[in-house]
Every structure is written in C-alpha cells, then in structure tokens.
Amino acid sequence: MENEGCLIAGQWVPSADHRADINPSNTGDVIGMFAIGGAVEVDAAAQAAAQALPAWAAAPPQARAAVLDAVADQLTAQQSRLGELLAREEGKTRPEAEAEVARAAQIFRFFAGEAVRLVGDVQASYRPGVRVTQEREPVGVVGIITPWNFPIAIPAWKSAPALAYGNTVVLKPADLVPATAVELAKIMTAAGAPPGIFNLVTGPGSSVGTAIAEHPLIDAVTFTGSEAVGRQVLATASARFARVQLELGGKNPMVIAADADLDTAVECCVAGAFFSTGQRCTASSRLIVEDAIYEPFLDRLLERTKALTVGDALSAGIDIGPVVDERQLATDQRYLELARSDHRAAVYGGELVTAATPGHFLRPAVIAGLDNSAVINREEIFGPIAGVIRVADYEEAVAVANDTDYGLVAGICTTSLSHAEDFRRRAQAGMVMVNLPTAGVDPHVAFGGRRRSGYGPKEQGSQAREFFTQLKVGYTAS
Ligand code: NAD
C-alpha cells in the first residue's frame, strides 16, 4: 500500500516518518509504510474536527444517516478485499476477518437508523404555564483510541455512534493495524462525509494517544485497550473534565456444569478460548469444570484442541492464525513457561509451529491442574491459552467465576434451566452467555464490562447515546 499520511480536514497530509506494517503470518511481507503522526497532527485534526462540528451537529439526522448508510454499503461491497487486508495485517483467519468487516457494516447500518431515532421528551412543569423539555445534543469532538485486535469493528463501533449523534471524530488506530483504519477513512470520504467530521491520525500511543487525551478541543475520549493505558488516559482526560469511556481487559470464565452437554461445552470452549488466536477481550481464559465431568471434558477438549490447524491467516482450512507480533508471542511464552516451571502445571500444546512462511505461530495451549489463584488464571494473557480449573460443584463454580478483578463476560454450559437462570443472575459480568462461547456478541445491543473491564457508559446499541450525547433540559413559559 502507498503511504497516505493522516486524514485531516478531508486531506491526506503526508508525514516525514513512517512505520512498516508487517504481516504476522509472514514477517517478510510488508503491507505498507504508514505515517507516524504526533502532537502536531492531533492538534490539526482536533482543530478540523472542531471547525466541522457546528454544521455536522446541526445537519438533519437524515443527512447523517445517509453518510453512515453509504459507509455500510461500501464496507459490504468491499468485504472480501478488506477482509483479506485485515487478515494479512492482524492475523485472524480470513473468514473471521471477513465476518469482522460485515460486522462493521452492520454497525454503521444500525447507527444510521439510530441517527433518525434520537428522541427527547416533553414534560409538564411543577409551575403552571411552564413546559419542560429534555433533549440530547452532541458532546462535541470525540477522540477515539483503539486496540489492534479488531482493526475495523472497534473503530466502527466508536465512530458510527459518535457521527450518528452529531459529533466529529479524531481516530487513532493501534500502531500494528493502520492499513485497515486508512481504508475506513477512505471509505468515509467516498461515502460523502464532509471534510473534518472524521479525522485519522496514525502513530504511537505515547505521542498520538497522549495528545488526544490532553487536547483541550477534544471533549470526550473513548478508549479500548489495556488497563494500564486506560488508567493513564482516564487520569489525563478527566483531569481536564473531558468525558471518558474505557473498555479494558478480561479474564472471562466459562463454567462447565456437571449437567452440561459435552459436545456443546467443548465447542463453546474451543471457540471462546482459541478462535481469533485467543486475542479477544471476551476470550474464555478460565474454563471452570465441575469435578463430576472433569476427566471426560478435559479428554475431549484436548482431543479437539489438538485437531486445530494453525497457520497462515490467508490459507484455506486454517483454524488459528498467528499471534499478532513477536512481543505478544513472547508474553504468551512467558506465561506458558511460568505454568510449566513455577507452578509445575500440566501444559498441553503451546509449542511454536513451523509453517511455510516465517510467522508468529503458536499451538493453542490448555493449562490444567492449577486453581484460580495461579497467576495464569488471574492475569489477562491475550493469547491462545486457557486454564482449566477443577471445582467441587456448581456453587464453587459460581464463586470461582466471580473471583476475578475483571467482569467483562461470563459463560455457562448447562442443560439445567435453573442453573442457567441462577448463573445469569449471579455472574458478576457485563454480559452473560448460556451454551454459547463468551466471545461473539450482537451489534445492536449494549457491550461492556464491570469492575476493571470497563469504565463509563456501555458501548453499542441504543445505549451508546449515553456517552455520545449530553442532555439539555429546557424550561419554556408560554
Ligand atoms: P494497548 O492499551 O496497548 O493500546 C490500545 C491503544 O492505546 C492503541 O491505539 C495504543 O497505541 C494506544 N496507547 C498506547 N499508549 C498510550 C498512551 N500512553 N496514551 C494514549 N493511548 C495510548 O492495548 P492493545 O495491546 O492494543 O490491545 C489489547 C488490550 O485491549 C487487551 O487488554 C484487551 O483486553 C483490550 N481490549 C478490550 C476490549 C473491550 O471491549 N473490553 C476489546 C478489545 C481489546
């Protein structure tokens, strides 16, 4: 790909410095050179967004809906090409990547509808002759900071509601996946987005991300990524009273009740723990299994995991693509080594895989025999690694599921309606799955976690308006 620079006020502004975007399935394949922006580019983008704001905020909702609909059309038309690019850049398999592009299109379509569905209310006053109105207005310029693991879905689920409700945007994608974000920015322009409503600044978090958190013209910052960086963004942006929304990590439990259907349980665990190379905030990283079915479940899980094919994300028939880069691979290996040496746990899988191309290929790993206090069962690893935890009974399973600093999603496999209902009530998580993998959510409903998994209003669905609009109360005497 050519180096396009940063998109600011509708123009691609070239950059003096560039970073290579490398294919994790084949480290000899350079996808392109991408701009290393910094505080100067963020300042220009924030000014452009602020300038574009009044007209966009005042535009009829149908005009905003038309742009978002056109973005959805373009994403759908280019699904195959963008899916290939995304798989090449991030390393999820091509079917997963194409599904992510389709998901981004659904999100833009949904928020095109939301733009015209925004309602307020009118109420009687305590005072005779006075009418009270409550209306939602845009927040202003929204800074968007996104991680590498969903290069188009997360930029979509933050940009689409921001724009639908009349805000303007400065997007900073993760350094590892600028190519997909550049394509999204081109689609915005092609879809008729007025200059300045959507600005893109690529570059490192330490300069571009920090500048977004600090910039006085940026009224709200929505961030998805790690807890450590989220904490910094929150401290910086909230210190100047900007709105902040954080979506962070997870250590998501999947309970396998003694009454579970084993086929369903194994499929849910394999999909939840290992698909997308386990690099999902919603991945099932703790498989909590009742003693009564522990052995048969583990046997079948290991058999199914062994059969997974690992290799080039673009090859047909591959179940698991590469780990995103050498740093994440080193992290995964460090946790595996910790489990083997310090904890003396049974580690199945987790070997490096040699393929036809040089890539970061790691066989999915199951770590058995450790309890919930082990480091590998407490810290987010963000790789194709799952801990299997044996518990005495259902009550212990619920307690262990909730014994975590995180609270993004929790799942249970059970054939008992009362266990399903009970678990949904008692799980301390933003989302609960019954007989479904923990990863894989719908685009039209709220998304988000509790505790250290999230901060501020939830994302997606109609709920997104809580963050991307602000309420104005009017009193009118007549
Ligand atoms: P990260 O925190 O390293 O980076 C996220 C973004 O922040 C990137 O764009 C990065 O460049 C930027 N950044 C880095 N330093 C910054 C700074 N000082 N100031 C401002 N921005 C900065 O996360 P990552 O490695 O890209 O993604 C993995 C993490 O994201 C995992 O913890 C995962 O659980 C989380 N995640 C959460 C969700 C969710 O919805 N809860 C979804 C996907 C990923």
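So for the sequence shown, the numbering used here puts the first residue at 290; every next one is plus one. Idealized CB from N, CA, C, for every residue including glycine.
Asked: is_contact[T457, chain C] using C-beta, thresh 9 Å; Found: The question asks about chain C, but that chain is absent: this structure has only one protein chain.
Asked: M322 - partner residues in DSSP beta bridges; Found: A309
Asked: Extent of the continuous alpha helix (DSSP H) run through V405; Found: 383 to 406
Asked: 8 Å Cβ shell around Y624 - same chain, five flanking residues per side excluded; Found: V664, I665, E668, I670, G672, I674
Asked: Assigned exposure category for P303 - 16 Cβ within 10 Å defines buried; Found: exposed
Asked: Contact check, P484 vs A348, beta carbons under 9 Å; Found: no
Asked: Check: E710 C-beta below 8 Å from any heavy atom of the ligand FMN; Found: Questions concerning the ligand FMN fall outside what the structure shown contains, since the ligands it does hold are the ligand NAD.
Asked: G743 versus E536, R377, S707, residue with shortest Cα-Cα distance; Found: E536
Asked: First through last residue of the beta strand (DSSP E) which encompasses C570; Found: Looking at the DSSP string, C570 is not in any beta strand (DSSP E), and its letter there is neither H nor E.
Asked: Span separating the alpha-carbon of G648 from that of L618; Found: 10 Å
Asked: Buried or exposed (CB count within 10 angstroms, at least 16 for buried), G317; Found: exposed
Asked: Contact test: S707 Cβ vs the ligand NAD heavy atom, cutoff 8 Å; Found: no
Asked: Classification of S630 by the beta-carbon crowding that lies within 10 angstroms, buried from 16 upward; Found: exposed
Asked: T727 beta carbon less than 9 Å from that of M543; Found: yes
Asked: Beta strand (DSSP E) runs wholly inside the stretch 583 to 654, at least 3 long, in chain order; Found: 635 to 638
Asked: Any non-hydrogen atom of the ligand NAD within 8 Å of Q534 CB; Found: no
Asked: Exposed unless 16 or more other CB atoms sit within 10 angstroms - verdict on Q351; Found: exposed
Asked: F736 CB to nearest heavy atom of the ligand NAD below 8 Å; Found: yes
Asked: Top-ranked residue by Cα proximity to A470, from N456, P505, A442; Found: A442
Asked: Own chain residues within Cβ distance below 6 Å of A547, not counting five before or after; Found: E579, A581, I582
Asked: Touching by the beta-carbon criterion (3+ pairs, under 8 Å), the stretch 392 to 405 and the stretch 350 to 365; Found: yes
Asked: Unbroken alpha helix (DSSP H) run spanning T758, endpoints; Found: First-last for T758: 758 to 766, but that is the beta strand (DSSP E), not the alpha helix (DSSP H).
Asked: I577 - DSSP class collapsed to helix/strand/coil; Found: strand
Asked: 7 Å Cβ shell around G606 - same chain, five flanking residues per side excluded; Found: T598
Asked: C-beta contact flag for R593 and N541 at 9 Å; Found: no
Asked: A562 beta carbon near the ligand NAD (any heavy atom closer than 8 Å); Found: no
Asked: Three-state class that DSSP yields for L296 in the structure shown; Found: strand
Asked: Cβ shell of P384 (< 6 Å), same chain only, five flanking positions each side left out; Found: none
Asked: C-beta atoms of A502 and F487 nearer than 9 Å; Found: no
Asked: Endpoints, alpha helix (DSSP H) assigned at L460; Found: No alpha helix (DSSP H) contains L460, which is instead part of the beta strand (DSSP E) from 457 to 461.
Asked: Limits of the unbroken beta strand (DSSP E) element including R714; Found: Premise fails: R714 lies in the alpha helix (DSSP H), 706 to 715, not in any beta strand (DSSP E).
Asked: Three-state secondary structure assigned by DSSP to T727; Found: coil
Asked: 8 Å contact criterion, which A341 and T457 should meet: CB distance rounded; Found: 5 Å
Asked: Backbone CA spacing between V329 and P343 [nearest angstrom]; Found: 23 Å
Asked: Cross-strand partners of M720 (DSSP beta bridge); Found: V698
Asked: Contact under 9 Å by Cβ, V655 with V677; Found: yes
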